[in-house]
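Remarks on the structure that follows.
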């Protein structure tokens with residue numbers, strides 16, 4: 005026992021071993037005594053290693069991402085030919101070993117080390133690796149005659165974590181964080197932005213798609229404590245200040261269940277935090293309640309009723325694409341169908357639906373998950389976003405073999421999605437054979453119903469009017485501002501939709517690689533309303549203001 009203890013810890017770090025073993029020798033979250041470690045080494049024929057006596061080259065360290073090393077408590081030691089030697093604290097973690105193989109494309113040789121030694125080595129070597137990269141970059145810039153200036157906050161790297169943790173537990177900080185969250189929920193905010201500046205900590209709420217600054221401004225001296233408090237309740241690493249982190253908070257306010265997605269991003273002035281509020285009760289998952297025009301609603305229903313094919317929803321981030329996809333899933337969700345979603349991130353959990361989270365850092369991409377899920381015999385698959393050829397290739401093949409595929413794409417309008425797919429090197433005959441519906445979407449702020457007032461305006465130079473509209477002036481509406489809408493004149497949002505139905509004639513145009521203009525003209529001749537036309541019709545109906553319609557949509 006003494007010999008093995010000396011082997012692991014050396015003369016200077018020798019510790020007493022109790023009857024249950026060392027508290028910092030852990031495997032799978034349990035205390036692993038020296039005898040058990042020795043047994044594991046013998047049984048699995050994995051040699052033990054004392055990392056305190058081993059030096060690792062920085063060229064080897066970079067083979068595995070730091071986030072992956074910390075997650076699985078692994079450390080690359082040496083590379084010889086096609087074999088990478090890795091220290092691991094849990095040799096039974098098959099998932100970790102498989103992920104290392106997938107990322108490095110190397111054969112893995114394991115040695116056993118304690119979790120504590122691995123964590124210490126990660127802190128030491130990755131810090132040195134990051135510093136070396138900075139020095140190399142600065143040297144290269146200096147040689148090129150470019151002056152390098154380092155900007156930062158004095159003393160930030162030497163911050164007392166224990167002191168900050170204690171401060172974050174004080175009643176003042178706890179109440180301040182709670183008030184920020186409650187205030188955001190009360191004001192119907194979808195996001196909270198906590199932004200560090202050299203002299204202040206600015207907090208903004210995104211309400212109905214527009215950022216509004218919170219008053220009063222928070223003092224700079226409370227910045228670290230507030231961010232530490234958010235890290236604690238979202239189960240993030242309070243000591244990590246140099247890398248981005250993502251977490252989650254579950255809240256219950258009165259009878260409202262709320263999930264908050266937390267994103268931490270390091271800046272030169274501190275850490276910026278964005279909290280995405282996902283209120284389960286506020287999710288509209290009924291197609292009839294999303295505010296679609298009759299033409300768009302019928303197009304969605306018809307496409308969703310088909311047993312196979314592909315439905316694409318396009319638009320920028322925050323345009324309601326995910327909500328529309330969830331509404332389609334909710335309509336199709338029953339005991340007779342097998343539904344799978346691949347998301348990044350999973351925004352809302354749906355009963356009866358298999359939902360999978362993408363993890364790019366370990367090789368769990370949209371494409372790799374989609375390839376595996378097709379072996380699970382799904383009827384309907386929702387792919388959160390099509391980003392590359394591999395993903396769209398697998399999705400199209402799935403649509404051709406009897407699956408209904410739902411996904412999103414980033415384009416400005418519906419016809420542009422066809423050109424975008426061609427630019428991704430998808431053959432026209434595959435696009436024509438699989439697509440059933442493309443819908444471009446935007447969200448406009450709805451006029452507050454409590455302070456809505458009419459006014460008359462000229463429509464002489466206004467595009468997007470109904471095709472049978474003959475008047476020179478029209479009656480529009482706007483919100484004066486009241487206590488109900490917090491004096492903004494708006495309350496809630498409504499969707500503008502441009503629904504492009506893929507019929508036989510349009511399939512022929514796709515096969516002929518017709519121009520975008522020709523595709524758009526044909527679609528409009530069949531009844532498709534553009535985003536601007538849909539918005540103007542909602543203006544005339546008194547749902548949104550003319551200013552909002554012009555802000556969100558572009559002239560055709």
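In my numbering, the protein residues as written are 5 to 560.
Ideal Cβ positions, reconstructed from N, Cα and C, are used throughout, including at glycine.
Over what stretch of residues does the beta strand (DSSP E) that includes residue i continue unbroken?
{"i": "residue 318", "result": "313-318"}
{"i": "residue 116", "result": "111-116"}
{"i": "residue 92", "result": "87-92"}
{"i": "residue 412", "result": "408-413"}
Can you check DSSP and say which residues form a bridge with residue i?
{"i": "residue 448", "result": "498"}
{"i": "residue 278", "result": "197, 267"}
{"i": "residue 359", "result": "345"}
{"i": "residue 386", "result": "345, 410"}
{"i": "residue 253", "result": "264"}
{"i": "residue 503", "result": "443"}
{"i": "residue 283", "result": "262"}
{"i": "residue 95", "result": "Note: residue 95 sits in no beta bridge, so no partner."}
{"i": "residue 368", "result": "363"}
{"i": "residue 1", "result": "Residue coverage of the chain in this structure runs from 5 to 560, which leaves residue 1 outside it and unanswerable."}
Considering only the beta carbon of each residue, do residue i and residue j sit closer than 8 Å?
{"i": "residue 122", "j": "residue 189", "result": "no"}
{"i": "residue 349", "j": "residue 265", "result": "yes"}
{"i": "residue 79", "j": "residue 126", "result": "yes"}
{"i": "residue 115", "j": "residue 50", "result": "yes"}
{"i": "residue 452", "j": "residue 500", "result": "no"}
{"i": "residue 343", "j": "residue 382", "result": "yes"}
{"i": "residue 445", "j": "residue 317", "result": "yes"}
{"i": "residue 410", "j": "residue 428", "result": "no"}
{"i": "residue 72", "j": "residue 365", "result": "yes"}
{"i": "residue 540", "j": "residue 422", "result": "no"}
{"i": "residue 252", "j": "residue 238", "result": "yes"}
{"i": "residue 548", "j": "residue 424", "result": "no"}
{"i": "residue 295", "j": "residue 498", "result": "yes"}
{"i": "residue 489", "j": "residue 543", "result": "no"}
{"i": "residue 206", "j": "residue 199", "result": "yes"}
{"i": "residue 313", "j": "residue 440", "result": "yes"}
{"i": "residue 357", "j": "residue 346", "result": "no"}
{"i": "residue 117", "j": "residue 53", "result": "yes"}
{"i": "residue 231", "j": "residue 277", "result": "yes"}
{"i": "residue 56", "j": "residue 367", "result": "no"}
{"i": "residue 209", "j": "residue 193", "result": "yes"}
{"i": "residue 250", "j": "residue 267", "result": "yes"}
{"i": "residue 377", "j": "residue 404", "result": "no"}
Can you tell me where the alpha helix (DSSP H) holding residue i begins and where it ends?
{"i": "residue 80", "result": "No alpha helix (DSSP H) holds residue 80; the beta strand (DSSP E) holding it covers 78-84."}
{"i": "residue 189", "result": "175-190"}
{"i": "residue 419", "result": "418-427"}
{"i": "residue 352", "result": "Run containing residue 352: none; DSSP gives neither H nor E here."}
{"i": "residue 395", "result": "393-404"}
{"i": "residue 299", "result": "298-308"}
{"i": "residue 330", "result": "325-336"}
{"i": "residue 3", "result": "Residue 3 cannot be examined here, being either before or after the span of the chain that is shown, 5 to 560."}
{"i": "residue 436", "result": "432-438"}
{"i": "residue 68", "result": "Segment: none, residue 68 is in no alpha helix (DSSP H) and carries neither H nor E."}
Please determine whether the Cβ atom of residue i lies at a distance below 7 Å from any heavy atom of the ligand FMN.
{"i": "residue 396", "result": "The ligand FMN is not among the ligands present in this structure, which contains no ligands whatsoever."}
Report task. May I have a chain-ordered list of the alpha helix (DSSP H) segments no shorter than 4 residues that lie completely inside the segment 522-557? Result -> 535-544, 550-556
Report task. Kindly confirm or deny that the segment 329-344 and the segment 303-314 touch, where touching means at least three C-beta pairs closer than 8 Å. Result -> yes
Query raised in the report: Would you call the segment 174-187 and the segment 411-428 touching, i.e. three or more CB-CB distances under 8 Å?
Result: no
Query raised in the report: Are three or more beta carbon pairs between the segment 394-402 and the segment 481-501 nearer than 8 Å?
Result: no
Report task. Answer yes if the segment 454-467 comes into contact with the segment 422-435, meaning at least three C-beta pairs across the two stretches below 8 Å, and no otherwise. Result -> no
Query raised in the report: Counting Cβ pairs, one atom from each stretch, are 3 or more of them under 8 Å apart for the segment 471-478 and the segment 349-365?
Result: no
Query raised in the report: Which runs of the alpha helix (DSSP H) spanning at least 4 residues fall entirely within the segment 202-251, listed in chain order?
Result: 227-237
Requested in this report: Identify every run of the beta strand (DSSP E) within the segment 445-493, keeping only runs that are complete inside it and at least 3 residues long; order them along the chain.
Outcome: 456-462, 477-483
Query raised in the report: Is the segment 494-512 touching the segment 520-538, taking contact as three or more C-beta pairs under 8 Å?
Result: yes
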